[in-house]
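Top line first, the protein sequences correspond to chains Z and D. Going by our numbering, the first sequence opens with residue 332, and the numbers climb by one from there. Going by our numbering, the second sequence opens with residue 920, and the numbers climb by one from there. By construction, the Cβ of each residue, glycine as well, lies at the ideal position given by its N, Cα and C atoms. From a predicted model like this one, the values you see are computed outputs, not experimental measurements.
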Amino acid sequence: MSALVINNLYKTYRNGFEALKGVSLTVEQGDFFALLGPNGAGKSTAIGIIASLVNKSAGRISVYGHDLDQEKEQAKCLIGLVPQEFNFNMWEPVVEILVNQAGYYGIPRKEAFKRAEETLKRLDLWDKRHAQARWLSGGMKRRLMIARALVHRPRLLILDEPTAGVDIEIRRSMWRFMREINRHGTTIILTTHYLEEAESLCRNIAIIDHGRIVEQTGMSRLLSRLNTEVFVLNLKSPITAPPTLPGYQVNLVDAETLEVEVLREQSMNGLFDLLSQQGIEVVSMRNKQNRLEQMFIDLVDRSKRQGAAT
Amino acid sequence: MTSWGIYRVAFQTIVTKEVLRFMRIWMQTILPPAITTTLYFIIFGKLIGERIGEMDGYRYIDFIVPGLILMSVIQNSYANVVSSFFGTKLQHYIEELLIAPVPNWVVLGGYVVGGVTRGTLVGIVVTLIALFFTDLRVNSYGLTLLVFILTSILFALAGFINAVYAKSFDDISIVPTFVLTPLTYLGGVFYSIQLLPNFWQQVSLANPVLYMVNTFRFGILGVSDIDVRIALVIILGFIAILTAFSLRLLTQGVGIKD
């Protein structure tokens, strides 16, 4: 069964801005799905409509087979949302925020306290349960948003830039947590500007631009379509001029750093053979640009060119 | 859990949250009306009132007691909902409710009952203070309680509508300052409209607060400037209109969605 089906979704704001122009999207049950797009592409509007925070202009949405218009309650009970901006009462104690949220889903207060304890412990926030939300650090506030979204045990969790502004250590612990809940069956939709995050976590991806889906496919399939990759090679000994490597574009960044553009049909073995023949030893290498980032830029550029042409 | 089960728990949650909110800040919510009303009783009731003599056959201090109680109820029911719901919007935690399976009427009901609870609590405090200054005898407990609750509901609804449209803190203070306070003061709290020239008596009849104050006064003292039955119909009519309008605003998402 599909966790989320969006069919021909349109949104025109009162000022006439068309944020969504017929978005259709399917996310399968148990998926870890990336919804990417540049700023203003329509991601947050789409998420807002799924979460009932924004009124749609047209289209249909169903969550685990429940139509969001006709079976609103059943559909809503299945969704959890971690929005981009902090949106809790800053003066309320942490535990109260969770207990109230559980109450809105019909979970009685006694049970809600149990759920709050369990969720806060999972997210290392139990020690802060009596603190007012405004006293938490940025990372803790992000985790509180995740805890609040999970307290009613949703089957579809939507994370809108969940790791924005948090340090790498917290980000990685949040990645571990997201993987774990996904492994336990929660479908996750993630939007992020950290493309390595999407590449590392997500199995499927949709790219939205100017209110339209410009790509929806599997992550590995998308990345396999990259025509070229640029590798940065760190050399053991300095060289004075770029070596001649037939078939490869080469750029000498400095005496010990070489950039080589490798086409999809070319092999890395061939490149290393040529380097060895010229007595150049490579001590380490990395992609110049994140692969998904490169693909993302290509797709968005293509979408812009198509938009300009029509 | 059935839909009704969800609604019941969600409603209880909103009401509990609202009550805890105003009780946490009781120095700002419960204490000030108690102090203000005490001053009204001392200054208008005792010091000035003893020189005024009787009004509608009652000592002046006895005459103003019902109006002062109801004025506190009006102001606090309104203030609770307008400030709480505006805060909910301003900090965006209204989204906690919008995403959840809570129908609009449960949201509205929860906030209104929160406002009515504060109005009732303040009304009880003011009534207890009044007992120090007057020998309060109630003509009709049923009518008194009915008007007390209906008035509180009406102004809680009005506060909700104000909060929906408000975009800044100025917007939530403009209506109480420039509309609510004048209507209350000119609504017969401190005088009988029989004292006014005929033209101003007719103008006063356009003030809805006049009907509530007089009906409440009738419930306590047994005297009123207007027909109590007409007053009840007007109050119920206003409640019906404001409820329908509030639900429409929530359905359209005015000031909340988009």
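Use the C-beta contact count for residue 998 of chain D: other C-beta atoms within 10 angstroms, 16 or more gives buried, fewer gives exposed.
Within the second sequence, numbered from 1, the residue matching residue 998 of chain D stands at position 79. Its Cβ being crowded by 16 or more others within 10 Å, residue 998 of chain D is buried.
Could you tell me whether the Cβ atoms of residue 428 of chain Z and residue 481 of chain Z are closer together than 8 Å?
Here the question's residue 428 of chain Z lines up with position 97 in the first sequence. Here the question's residue 481 of chain Z lines up with position 150 in the first sequence. No, the Cβ-Cβ distance between residue 428 of chain Z and residue 481 of chain Z is not below 8 Å.
Exposed or buried, residue 451 of chain Z, counting other C-beta atoms within 10 Å across all chains shown (16 or more means buried)?
Sequence index remark: in the first sequence, residue 451 of chain Z carries index 120 (1-based). The residue in question, residue 451 of chain Z, is buried, as its Cβ has 16 or more Cβ neighbours within 10 Å.
Might you give, ordered along the chain, the residues of its own chain that have their beta carbon closer than 6 Å to the beta carbon of residue 1112 of chain D, omitting 5 neighbours on each side?
Residue numbering aside, residue 1112 of chain D sits at position 193 when the second sequence is read from its first letter. Same-chain partners within the cutoff: 1120, 1123 and 1144.
Determine the chain D residues that contact residue 437 of chain Z at a beta-carbon separation under 7 Å, and present them in chain order.
Indexing the first sequence from 1 puts residue 437 of chain Z at position 106. Result: 920, 924, 925, 928 and 929.
Any residues in the stretch 397-419 of chain Z with a beta carbon nearer than 9 Å to a beta carbon of chain D? Which ones, in chain order?
The residues in question are 403, 404, 405, 406, 407, 408, 410, 411, 412, 414, 416, 417, 418 and 419.
How is residue 353 of chain Z classed by DSSP in three states: helix, strand or coil?
As a working note, residue 353 of chain Z is residue 22 in the first sequence. Strand at residue 353 of chain Z.
DSSP puts residue 1066 of chain D in a beta bridge; with which residues?
Here residue 1066 of chain D corresponds to residue number 147 of the second sequence, with the count starting at 1. Answer is none; residue 1066 of chain D lacks a bridge partner.
Kindly indicate which three-state DSSP category residue 921 of chain D falls into: helix, strand or coil?
Position 2 of the second sequence, counted from the first residue, corresponds to residue 921 of chain D. Correct three-state label for residue 921 of chain D: coil.
Short of 8 Å Cβ to Cβ, which residues in the stretch 1008-1030 of chain D face chain Z?
From the stretch 1008-1030 of chain D, only 1010, 1011, 1012, 1014, 1015, 1016, 1017, 1018, 1019, 1020 and 1021 have a Cβ closer than 8 Å to chain Z.
Three or more C-beta pairs closer than 8 Å, one from the stretch 1124-1131 of chain D and one from the stretch 1152-1168 of chain D: is that the case here?
Short answer: they touch.
Could you check whether the Cβ of residue 547 of chain Z sits closer than 8 Å to any Cβ belonging to chain D?
The count along the first sequence starts at 1 and reaches residue 547 of chain Z at position 216. False, the Cβ-Cβ gap to chain D never drops below 8 Å.
In chain D, which residues lie less than 7 Å from residue 356 of chain Z when you measure between Cβ atoms?
Residue 356 of chain Z sits at position 25 when you count from the first residue of the first sequence. By Cβ distance, chain D contributes nothing, its closest Cβ being about 19 Å from residue 356 of chain Z, past 7 Å.
Taking the runs of the beta strand (DSSP E) that are 3 residues or longer, which of them lie wholly in the stretch 365-396 of chain Z?
Whole beta strand (DSSP E) segments, 3+ residues: 389-394.
Give a yes or no on contact between the stretch 923-935 of chain D and the stretch 595-606 of chain Z, applying the rule of three or more CB pairs nearer than 8 Å.
Too few Cβ pairs lie closer than 8 Å, so no.
Let's test the definition: count the other Cβ atoms within 10 Å of the Cβ of residue 1014 of chain D and tell me whether it reaches 16, buried, or not, exposed.
Here residue 1014 of chain D is taken as the residue at index 95 of the second sequence, counted from 1. By the 10 Å Cβ count, residue 1014 of chain D comes out buried.
Mind pulling the chain Z residues with CB within less than 7 Å of residue 936 of chain D?
For the purposes of this step, residue 936 of chain D is taken as the residue at position 17 of the second sequence. Residues of chain Z passing the Cβ test: 431.
Would you kindly report the start and end of the unbroken alpha helix (DSSP H) that includes residue 1090 of chain D?
Taking the second sequence and counting its residues from 1, the one referred to as residue 1090 of chain D is at position 171. Unbroken alpha helix (DSSP H) run through residue 1090 of chain D: 1088-1094.
Got a sec: is the Cβ-Cβ distance from residue 384 of chain Z to anything in chain D below 8 Å?
Within the first sequence, numbered from 1, the residue matching residue 384 of chain Z stands at position 53. True, the Cβ-Cβ gap to chain D drops below 8 Å.
Since residue 615 of chain Z sits in a beta bridge, which residues does DSSP pair it with?
In the first sequence, residue 615 of chain Z corresponds to position 284, counting from 1. Looking at the DSSP assignment, residue 615 of chain Z forms a beta bridge with Z/565.
Identify the contact partners of residue 421 of chain Z in chain D, using a Cβ-Cβ distance below 7 Å as the criterion.
Within the first sequence, the letter at position 90 stands for residue 421 of chain Z. The contacting residues are 1010.
In the DSSP assignment, what are the bridge partners of residue 312 of chain Z?
Any question about residue 312 of chain Z goes unanswered here, given that chain Z covers just 332 to 641.
Under the three-state reduction of DSSP, which class applies to residue 879 of chain D: helix, strand or coil?
Examination of residue 879 of chain D is not possible in this model, given that chain D is present from 920 through 1177 alone.
Starting from the C-beta of residue 382 of chain Z, find all residues in its chain whose C-beta is less than 7 Å away, skip the five residues before and the five after it, and write them out in chain order.
Along the first sequence, read from residue 1 onward, the residue named residue 382 of chain Z stands at position 51. The residues are 410, 412 and 489.
Could you name the residues that DSSP lists as bridge partners for residue 424 of chain Z?
The residue given as residue 424 of chain Z occupies position 93 in the first sequence. Answer is Z/463.
Can you give me, in chain order, the residues of the stretch 934-966 of chain D that have a beta carbon less than 7 Å from any beta carbon in chain Z?
Going along the stretch 934-966 of chain D in chain order, one finds 936 with a Cβ nearer than 7 Å to chain Z.
Quick one: complete alpha helix (DSSP H) runs, 4+ long, within the stretch 504-580 of chain Z?
For the stretch 504-580 of chain Z, whole alpha helix (DSSP H) runs of length 4 or above, ordered along the chain, are 526-532 and 550-555.
Counting only C-beta atoms, is residue 434 of chain Z closer than 8 Å to chain D at any point?
The sequence position of residue 434 of chain Z within the first sequence is 103, counting from 1. Closer than 8 Å to some Cβ of chain D, the Cβ of residue 434 of chain Z qualifies, so yes.
If we ignore side chains and look at the alpha-carbon of each, how far apart do residue 1002 of chain D and residue 932 of chain D end up?
Here residue 1002 of chain D corresponds to residue number 83 of the second sequence, with the count starting at 1. Here residue 932 of chain D corresponds to residue number 13 of the second sequence, with the count starting at 1. Near 18 Å, if we compare the C-alpha coordinates of residue 932 of chain D and residue 1002 of chain D.
Residue 1041 of chain D lies in the alpha helix (DSSP H); which residues open and close that run?
The residue labelled residue 1041 of chain D in the question sits at position 122 within the second sequence. That run of the alpha helix (DSSP H) goes 1023-1052.
Quick check: is the beta carbon of residue 932 of chain D nearer than 8 Å to any beta carbon in chain Z?
For this step, residue 932 of chain D is matched to residue 13 along the second sequence. Yes - at least one Cβ of chain Z is within 8 Å of the one on residue 932 of chain D.
If the cut is a Cβ gap below 7 Å, which residues of chain Z does residue 1172 of chain D touch?
Residue 1172 of chain D sits at position 253 when you count from the first residue of the second sequence. 386, listed in chain order.
Who are the neighbours of residue 1176 of chain D on chain Z, taking C-beta pairs under 7 Å?
What you label residue 1176 of chain D is simply residue 257 of the second sequence in a count that begins at 1. Here the neighbours are 384, 385 and 386.
Consider the C-beta atom of residue 1169 of chain D and the heavy atoms of the ligand PLP; say whether any pair is separated by less than 7 Å.
In the structure shown, the ligand PLP is absent, as is every other ligand, since no ligand is present at all.
On the DSSP bridge list, what partners appear for residue 411 of chain Z?
The residue given as residue 411 of chain Z occupies position 80 in the first sequence. BP columns for residue 411 of chain Z point to Z/488.
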